[in-house]
Amino acid sequence: MVMSDSDIEFIYMAESDEDLMATSQLIHQKFQTLTSILMYERNEPFIIQNCQTIFQLALKAPFSDSNIMAFAILSKSSAVVVQSLTKDKYFFRQAQKILENGQSMEFQYFNSILSRLATIFQSIIRYDVDYLPESAILLRNFLPHIENTGVFDLLSSSTSPSIKFTCFFDELMKVNFDTCIIDQIQNSENETEISLLLFLVRQLSRSRKFIKSEIVSARTISVLSSLSNSDNLVIQNSLWQTISSICNEFTIPHMKYLFFKAMFIVSEPYTNLHMYHISVIDFLGKCLYFDSKLYESLLPHFLEVISRLIGQFPDSSNLQASITRFIIAALEKEDTAEEVFKSLVPLIVFTAQSRRRSAASANCAYILHQMNIMKITNSSIRKLIKGSKLFQKCSCEFLNRYETILKQSYGETNVSILDEIKNKIKNKINPPKSKEDSNNNT
1 MVMSDSDIEF IYMAESDEDL MATSQLIHQK FQTLTSILMY ERNEPFIIQN
51 CQTIFQLALK APFSDSNIMA FAILSKSSAV VVQSLTKDKY FFRQAQKILE
101 NGQSMEFQYF NSILSRLATI FQSIIRYDVD YLPESAILLR NFLPHIENTG
151 VFDLLSSSTS PSIKFTCFFD ELMKVNFDTC IIDQIQNSEN ETEISLLLFL
201 VRQLSRSRKF IKSEIVSART ISVLSSLSNS DNLVIQNSLW QTISSICNEF
251 TIPHMKYLFF KAMFIVSEPY TNLHMYHISV IDFLGKCLYF DSKLYESLLP
301 HFLEVISRLI GQFPDSSNLQ ASITRFIIAA LEKEDTAEEV FKSLVPLIVF
351 TAQSRRRSAA SANCAYILHQ MNIMKITNSS IRKLIKGSKL FQKCSCEFLN
401 RYETILKQSY GETNVSILDE IKNKIKNKIN PPKSKEDSNN NT
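According to full-length UniProt numbering, the sequence shown holds residues 1 to 442 in order.
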């Protein structure tokens, strides 16, 4: 059943039409143009006094100039206005009514109202810390609507690992927000919805507060593992980004199946490179870092795969950067350094000195440079380099000149070429601790 306009208003409107019309006229008097809303402070007492009515106007369908103006006012809300809207939990009651009954509205109305509601809710989360528990509970109920642009913006900003939202993260954990995301993923067959929900998982995984929570538990990994059998490209691209992002010392014990699945994916012959191939290699690099025993007898095979990919896709900068991260991580580990060195250094030296300039040649040259640095503190690498005539020859004929060039500025900037390369490669395998991590460890 499609509801009429009057039914739509009945869901959440408490004021009479006369009150709404009177407030609408006052808004037009005080805010004759959208630009005049910028002179916000002068009219703040009026907004506070009529906050709930302005809220109703902002969400009243179908939309008119008055509705647009009311929404614009609340979109620029100050803390004191937001607190007027949350007084006696008014906003939370009205928002819940819309979420519970809105599906009966015409889609165009509900979608627009939902987007506006989400925008206003962002201000409430930002400015009213007294109602963070209520906000966390309400935010869960927006998950089924994540495909709405405004709702996705709300969910992504609210799960951002910003220090500012640390307290809100605590509240989200208390209401099992992470579990709700996994439930939603498990019950969905919509590729866009699943992809957006996986983005939230990646957001949450960036916070140390969530590392030991449900978001990285055996059940979560089980749900992600079941998705790995999907042949949907959108899901695969988002899924393997997510798997790589949650791989750490706490989750690696549950990831054996995904490790072998990833190994199978990169080992298959393919001519078209997709984003998930790159994420799979990043994931395998993390597996090596956190539990190299997973590789056992598979490392020689994977090094053959790496060799093939260096030559097959030399111009894919993202793939070559991912391969570089893996090689450097493997060289830094005592139990894999020798095998990686002996298997790959001949190819790395050849590719680095190739006349055909490519992402592969640039990354291979960078690997040689990193090995030259490693030998200072890493006795294993120092011994391997000392025993390699090929590396010694490369150092004299190529590497010394290359390292001089690295110190030069990149383009017209003051950034060195070396720093520019480092920024592109980044160490996703063992990233440096964030400010939040440091605070949590002190």
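For each residue, glycine too, the CB sits at the ideal point set by N, CA and C.
Residue i, DSSP secondary structure in three states
i: glutamine 96; result: helix
i: glycine 311; result: helix
i: tyrosine 276; result: helix
i: phenylalanine 302; result: helix
i: serine 78; result: coil
i: serine 245; result: helix
i: isoleucine 417; result: Only weak support exists for where isoleucine 417 lies, its pLDDT of 48 falling under 50; the coordinates are left without a value.
i: isoleucine 146; result: coil
i: lysine 333; result: coil
i: phenylalanine 250; result: coil
i: methionine 263; result: helix
i: asparagine 67; result: helix
i: aspartate 282; result: helix
i: leucine 57; result: helix
i: arginine 356; result: coil
i: aspartate 231; result: coil
i: serine 226; result: helix
i: threonine 86; result: helix
Bounding residues of the alpha helix (DSSP H) (the contiguous stretch that carries residue i)
i: proline 269; result: It is not in any alpha helix (DSSP H) - proline 269 carries neither H nor E in the DSSP assignment.
i: asparagine 133; result: According to the sequence shown, residue 133 is proline rather than asparagine. Its alpha helix (DSSP H) spans residues 132-140.
i: asparagine 372; result: 359-377
i: tyrosine 295; result: Looking at the DSSP string, tyrosine 295 is not in any alpha helix (DSSP H), and its letter there is neither H nor E.
i: serine 316; result: From DSSP, serine 316 is part of no alpha helix (DSSP H); its letter is neither H nor E.
i: proline 45; result: 44-49
i: cysteine 394; result: 389-394
i: threonine 119; result: 107-127
Exercise for review: Say whether the region 359-371 touches the region 305-321, bearing in mind that this needs 3 or more beta-carbon pairs closer than 8 Å, one atom from each stretch.
Suggested key: yes
**Study point:** Runs of alpha helix (DSSP H) lying entirely within the region 155-222, each at least 4 residues, in chain order
**Key:** 166-174, 177-187 and 191-205
Check your understanding: Can at least three beta-carbon pairs, one atom from the region 345-353 and one from the region 389-397, be found at a separation below 8 Å?
Key -> yes
Practice item. Would you check if the region 120-130 and the region 85-101 touch, i.e. whether three or more CB-CB distances between them fall below 8 Å? Key: yes
Practice item. Taking 8 Å as the threshold, find out whether the region 112-122 comes into contact with the region 146-160 through three or more Cβ pairs. Key: yes
Review point. If we count Cβ pairs, one from each stretch, closer than 8 Å, do we get three or more for the region 296-312 versus the region 248-256?
Key: no
**Study point:** Stretch-stretch touch, CB-based, cutoff 8 Å, three pairs: the region 180-200 with the region 137-147
**Key:** yes
Practice item. Please confirm if the region 96-103 is in contact with the region 132-145, defined as three or more CB-CB distances below 8 Å between the two stretches. Key: yes
**Study point:** Three-pair Cβ contact test at 8 Å for the region 224-234 versus the region 171-181
**Key:** no
Review point. Do three or more CB pairs link the region 237-249 to the region 279-288 at distances below 8 Å?
Key: yes
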